[in-house]
Amino acid sequence: MLDLPFSNQEFAARLSKTRVEMAARGLDAIFVTDPSNMAWLTGYDGWSFYVHQGVLLSQDGEPIWWGRAMDAAGAQRTTYLNHENIAGYDDTYVQNPTKHPMEDLSKLIAARGLAHGRIGFEMDNYYFTASAFLSLQQNLKSVQFIDVTGLVNWQRAVKSPTEIDYMRRAAR
5 MLDLPFSNQE
15 FAARLSKTRV
25 EMAARGLDAI
35 FVTDPSNMAW
45 LTGYDGWSFY
55 VHQGVLLSQD
65 GEPIWWGRAM
75 DAAGAQRTTY
85 LNHENIAGYD
95 DTYVQNPTKH
105 PMEDLSKLIA
115 ARGLAHGRIG
125 FEMDNYYFTA
135 SAFLSLQQNL
145 KSVQFIDVTG
155 LVNWQRAVKS
165 PTEIDYMRRA
175 AR
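Note that the working numbering numbers the sequence shown so that position 127 is 131, with each residue one more than the last.
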């Protein structure tokens, strides 16, 4: 049993807030790459953001953490996610000019039934590169790509009672 700083109910409320905004924008899913947004949605706390990683959130079910396979153990230890919702790509994708990690993400998106959906991406984010976008476009030709930069950030703006309590403790 993991000892996470927030309860499952807290994470469920965060997912609900985010999904309400996703529905308002007509989105089937979002792919979040900002480390603070990944942590807010799942608890993921890893320093592996120098390689491609993110959280795929659709309108139902648990989010999926996706990243380099060797970092999946960190996701298993810092998130509430069931292990089947932690997906890793192999190291042959890292710094390989002939293939891109987003090829693997594209397969995951298709396997989850989202290959024809409206998917939001944090397009103006340090952790989402032009080559990542081009790879996704090439491999997911029927996806409508929507810029959702800031979508999760705005959900984070209104703090929960637990977050306020932690902030007060830190201030003391």
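Beta carbons are placed, not taken as given, at the ideal position from N, Cα and C, and that holds for glycine.
Just so you know, these numbers come straight off a predicted model, no measurement behind them.
Item, Value
"Which residue spans inside the segment 15-80 form an unbroken beta strand (DSSP E) run of at least 3?", "33-36, 58-62, 68-72"
"Taking the C-alpha atoms as reference points, what is the distance between glycine 30 and threonine 96?", "35 Å"
"Reducing DSSP to helix, strand and coil, say where tyrosine 130 ends up.", "coil"
"So, at 8 Å on beta carbons, what are the nonlocal neighbours of leucine 19 in its own chain, with the 5 sequence-adjacent residues on each side left out?", "Leu45, Leu61, Pro67"
"Can we count asparagine 157 as close to the ligand HEM, meaning its CB is less than 7 Å from some heavy atom?", "Questions concerning the ligand HEM fall outside what the structure shown contains, since it holds no ligand whatsoever."
"Look at leucine 138 and serine 110 and say whether their C-beta atoms are less than 8 Å apart.", "no"
"So, for glutamine 99: in the same chain, excluding its five sequence neighbours on each side, which residues have a beta-carbon less than 8 Å away from its beta-carbon?", "none"
"Less than 7 Å between C-beta atoms, sequence neighbours within five positions excluded: which residues of the same chain meet that for threonine 166?", "Phe10, Glu14"
"Compute the Euclidean distance between the alpha carbons of tryptophan 158 and glutamine 57, then round it to the nearest angstrom.", "21 Å"
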